[in-house]
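To keep things clear, I will list the structure first and then write my remarks on it.
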Amino acid sequence: MTQAAWRDLLRVNRWVNETVKPMTDMDHWGVVEKWSLPTDGYGDCEDYVLLKRKMLIDAGWPREALLITVVRDKMGEGHAVLTVKTDKGEFILDNQNENVVAWTETGYRFVKRQSQSDPNLWVSLGDARPAISTASARDRQ
């Protein structure tokens, strides 16, 4: 991964995290779950992921390197992050963290993610690391 590519990850993660304001789908749309680009500036975790993925694709990143991933966060709740596969490892872009970190540094339990070969398929992940008990309330209201 080049320095320019790393800067892309940092820039996109920071910009989306600072620009999109957290709001549950129930408060925003009146439904339990809806995945959509946060075009009005509001969204929940998967909406942040969709925008980060779109921005990186628009910047020239290959789709198969940008995988929507479902985790259990530090409170044990369902959460979506973007996994970026690089030649230096897999990194996580997360609305609960202003930093881009290796997946092993998140403290999350990884549940499933998009298949690299077909984004319509999901692959189950077996993450045996213990969860960390501290929490961030970045997208909780």
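Following this note's numbering, the numbering of the sequence shown begins with 24 at its first residue and continues without gaps. Even glycine gets a Cβ: it sits at the ideal position worked out from N, Cα and C.
Straight-line measurement puts the Cα of SER147 at about 24 Å from the Cα of ASN120. Setting aside the 5 residues that flank it on each side, LEU60 is surrounded in the same chain by LEU73, LEU74, each with a C-beta closer than 6 Å to its C-beta; the list follows chain order. Between ALA88 and LYS111, the CB-CB gap reaches or exceeds 8 Å. The Cβ atoms of ASP63 and PRO45 lie no closer than 8 Å to each other.
A direct Cα-Cα distance of roughly 9 Å separates TRP145 from ILE91. Nearest C-alpha to GLU100 among SER140, ASP81, VAL134: VAL134.
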